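Quick note: to get the working numbering, add 306 to the position in the sequence shown (first position is 1).
Every residue, glycine too, gets a C-beta built ideally from N, C-alpha and C.
Bear in mind that the values here come from a model prediction, so they are computed numbers and not experimental data.
First the structure, in the form of structure tokens, and then the observations on it.
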Amino acid sequence: MSTWVEEYRKKLTTPDKAVGVVKSGDWIIYSYAANTLPVLDMALAQRTPELHDIQLLAGVSMRPHAVVKADPRGEHFTWDCVHFSVIDRKYYEMGRAFYIPLRYSEVPRYIAENISRIDVFMVQVSPMDQHGNFNFGPTISHYPAAAAKAKTVIVEVNEDMPIAHGGYGNYIHISDVDYIVEGGHTGMPQIPSALVTDVDQKIAQYVLDDLRDGDCIQLGIGAMPNALGQMIAASDLKDLGVHTEMLVDSYVDMWEAGRISGRKKQIDKGRMVYTFAGGTQKLYDFINNNPQVAGYPVDYTNDRFIASRNDNLVSINNALEIDLSGQVCSETIGPRMISGAGGQLDFVDAAYSSKGGRSFICMESTFTDAEGKKHSRIRPLLTEGAVVTDTRPMVQYVVTEHGKANLKGATTWQRAERLISLAHPDFREELIQEAEKLKIWRKSNK
Ligand SMILES: CC(=O)SCCNC(=O)CCNC(=O)[C@H](O)C(C)(C)COP(=O)(O)OP(=O)(O)OC[C@H]1O[C@@H](n2cnc3c(N)ncnc32)[C@H](O)[C@@H]1OP(=O)(O)O
Ligand SMILES: CCCC(=O)O
């Protein structure tokens, strides 16, 4: 019997016993995204009445949580998110979730330096290999930092979790684990690609027109990046590379269509680099035992100095609104949280820092509210309470279904002119009047 099998037996316990280590006042990190924990979460929820003032650091939830259901008023567990998924956004609307404003690249450092202690790290992993390693599967993110900081590490084994190859940090060794819980076949969360509209396709076409053979791409989340992925798959682009934060289904389409080779990358040549993967079974099957993909901690993927070592890095992300000076908001509607800063600014910065690189911030020019009223996403000023995700000196290309504009180095009047040309025609006159009041409209334009 190998040493690791013996150690496995010693550390194997039931979910109830494992969560028995939690005490009132503890700080806990829950693994997230496709590693959202079903079994340990259920066991912890059963202890709700006896536990108080527990901080749960989580976010990007891809399954609902029993601890939130068991404590709808947040009297026992506080839900602190590094980023909101649709599920976390629902918790926030219930008054149950809080946000930690951070660039995603900083999360490991925040754990190492800015949290005084982590009492427990609970993480979903794949079954142990013969060397005593548990693979983190589709999400590496901040898990190595969490494991290094936590006083107690509990792994929940999911028999269905893919084994993902990585650069480093994609495994935790049994010697660094305190308790093992066997979750059985708990499946993988299935996140279907967002439905693509004609507007998404028009926006994606403007970006596609700018892509060149050998570019190294980062696609954000949502329908437009998904549309672009499908359009790249159908194009004749070749030798694309991938250095991204999130891996989604459309990368599999691009790979299968022969668009991605990674041959022109300066680092991680030939490999698709990411920090978390979320999509359908097609994606989880693709990453399983595939040496062509490499999962890394987020302070590698999203670090501007590392990412920008790849020439021609092209970042393509979505935003919610932009003001006429070029400040981009991608995370709130006024003061209402929608998602988070995530890795947007990391990649806007990295792409521009890369030789030949470019960054694209994309948005539909309008938003239609529940009453059917259209609002321009290009606004004189950001909605009161909105936060700035990308400051105006950082922003390069902005794209809507009405065109594409480069804001780098543009004066305030050029920004106003270029952005108004991207606005929906119904709003252009009103925007010009507001630009005049803001003293960013040239008299010679009249
Ligand atoms: C994982 C990665 O993305 S890696 C890329 C780097 N990270 C980032 O870019 C992080 C910041 N960006 C993001 O979070 C996203 O790209 C977003 C939020 C800007 C856009 O994401 P999408 O999924 O395309 O947004 P979507 O159009 O579905 O809008 C999200 C929500 O905001 C609401 N919303 C959007 N615009 C408005 C508006 N002007 N007024 C009111 N509500 C609005 C939508 O109704 C939706 O709400 P719901 O889910 O409750 O129905
Ligand atoms: C976890 C961060 C997700 C994002 O960048 O959108």
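Distance, Cα to Cα, residue i vs residue j?
{"i": "T611", "j": "A656", "result": "Correcting the residue type first, residue 611 is Phe in the shown sequence and not Thr. In a straight line, the C-alpha of F611 is about 7 Å away from that of A656."}
{"i": "E627", "j": "G564", "result": "35 Å"}
{"i": "A454", "j": "I424", "result": "10 Å"}
{"i": "G473", "j": "G331", "result": "36 Å"}
{"i": "A500", "j": "A351", "result": "31 Å"}
{"i": "F666", "j": "T550", "result": "14 Å"}
{"i": "I478", "j": "L357", "result": "28 Å"}
{"i": "G526", "j": "A533", "result": "11 Å"}
{"i": "A372", "j": "A324", "result": "16 Å"}
{"i": "Q633", "j": "E735", "result": "21 Å"}
{"i": "M262", "j": "F440", "result": "The first residue shown for the chain is 307 and the last is 752, placing residue 262 beyond what the model contains."}
{"i": "N594", "j": "R615", "result": "27 Å"}
{"i": "T695", "j": "Y416", "result": "19 Å"}
{"i": "I446", "j": "T492", "result": "19 Å"}
{"i": "E488", "j": "L713", "result": "53 Å"}
{"i": "M537", "j": "D394", "result": "31 Å"}
{"i": "D652", "j": "K749", "result": "37 Å"}
{"i": "A676", "j": "P641", "result": "18 Å"}
{"i": "S621", "j": "P498", "result": "22 Å"}
{"i": "Q598", "j": "R353", "result": "43 Å"}
Based on DSSP bridge pairs, tell me the residues matched to residue i.
{"i": "A600", "result": "V579"}
{"i": "W333", "result": "Q361"}
{"i": "S682", "result": "T672"}
{"i": "M643", "result": "T638"}
{"i": "V459", "result": "F427"}
{"i": "Q524", "result": "S621"}
{"i": "V487", "result": "E462"}
{"i": "N439", "result": "H479"}
With DSSP collapsed to three states, give me the class of residue i.
{"i": "T445", "result": "strand"}
{"i": "S665", "result": "strand"}
{"i": "W265", "result": "Outside the modelled stretch of the chain, which goes from 307 to 752, sits residue 265, for which no answer is possible."}
{"i": "M537", "result": "helix"}
{"i": "D629", "result": "strand"}
{"i": "L318", "result": "strand"}
{"i": "M700", "result": "coil"}
{"i": "T492", "result": "coil"}
{"i": "S614", "result": "coil"}
{"i": "Y477", "result": "strand"}
{"i": "A451", "result": "helix"}
{"i": "V548", "result": "strand"}
{"i": "N594", "result": "strand"}
{"i": "V311", "result": "helix"}
{"i": "N608", "result": "coil"}
{"i": "I778", "result": "What the structure shows of the chain is the stretch from 307 to 752, and residue 778 is not part of that stretch, so it cannot be assessed."}
{"i": "A563", "result": "coil"}
{"i": "L553", "result": "strand"}
{"i": "A529", "result": "helix"}
{"i": "A324", "result": "helix"}
{"i": "A470", "result": "strand"}
With a cut-off of 8 Å on the beta carbons, I'd call residue i and residue j a contact; round off their distance for me.
{"i": "A510", "j": "M494", "result": "The pair is not a contact, with the Cβ atoms about 27 Å apart (cut-off 8 Å)."}
{"i": "P378", "j": "M348", "result": "Contact flag wrong, Cβ pair sits at about 16 Å."}
{"i": "I746", "j": "W719", "result": "5 Å"}
{"i": "F383", "j": "G646", "result": "Wrong, their Cβ atoms sit about 20 Å apart, outside the cutoff."}
{"i": "A768", "j": "G443", "result": "Since the first residue shown for the chain is 307 and the last is 752, residue 768 is missing from the structure and cannot be characterised."}
Got a sec: does ligand 4 put a non-hydrogen atom nearer than 7 Å to the Cβ of residue i?
{"i": "V388", "result": "Within the structure as shown, ligand 4 is missing, the only ligands being ligand 1 and ligand 2."}
Fully enclosed by the segment 337 to 387, which alpha helix (DSSP H) runs are 4 residues long or longer?
Counting only runs of at least 4 residues, the segment 337 to 387 fully encloses the following alpha helix (DSSP H) elements, listed from N- to C-terminal order: 345 to 351 and 372 to 376.
In the segment 390 to 424, which residue ranges form an unbroken alpha helix (DSSP H) of at least 4 residues, counting only runs that do not cross its ends?
Qualifying alpha helix (DSSP H) stretches, in chain order: 392 to 399.
For the segment 703 to 746, which segments carrying the alpha helix (DSSP H) assignment without a break, of at least 4 residues, lie completely within its bounds, in sequence order?
DSSP runs (the alpha helix (DSSP H)) wholly in the segment 703 to 746: 718 to 728 and 731 to 743.
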